[in-house]
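This report refers to the structure that appears directly beneath it.
In our numbering, the protein residues as written are 90 to 270.
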């Protein structure tokens, strides 16, 4: 892996695709144990989590699991706007269902906290969250995800679904913004 440049910013290799795949399979095994026989609904948060959700959903061997999509947005460029906007809503009936929110990254926790609050209005049996990446030092509201692929420091990253203004989602590896010296 080599450094890459987007919008004049340099990003260095951070997490290789092989490491990502290993964590996805570990998470799938944990989720299989916890959700066996529960008619789980994987709720993928678009756009960033779609690659992770696809890999995770296929890795899980649950026979009665379904997947749905909802879109929230709180970033513009490299900064959180501090405001969460729901752009596309949930159409499935989730009352009495076991919901597993699938996120690409949890940092401040604002989006996750708002989503949990909205889902609770529909009386699900349970709501848990899986996140490929978690920045514990950045968490300001809510709680840590129930399942975490990687705990990372507060760096701006992209690739494997994570983007910079829509760019770089298609990179199979994850890159971190290179620190200026």
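We put the CB at the ideal spot given by N, CA and C, even for glycine.
Scanning its chain for C-beta atoms nearer than 6 Å, with the 5 sequence neighbours on each side dropped, one finds around residue 263 the residues 103, 104, 246, 248 and 249, in chain order. In this model, residue 149 and residue 121 are separated by some 6 Å (Cα to Cα). Each residue's CA atom was taken as its position, placing residue 158 and residue 196 some 20 Å apart.
Contact check for residue 267 against residue 92 passes: the beta carbons are separated by less than 8 Å. Per DSSP, the continuous beta strand (DSSP E) segment holding residue 94 begins and ends at 93-95. In its chain, beyond the 5 residues on either side, 132 and 218 have a beta carbon closer than 6 Å to the beta carbon of residue 190. Residue 94 and residue 143 have their C-alpha atoms some 27 Å from each other.
Non-local C-beta neighbours of residue 178 in its own chain, meaning closer than 7 Å and more than five positions away in sequence, comprise 159, ordered along the chain.
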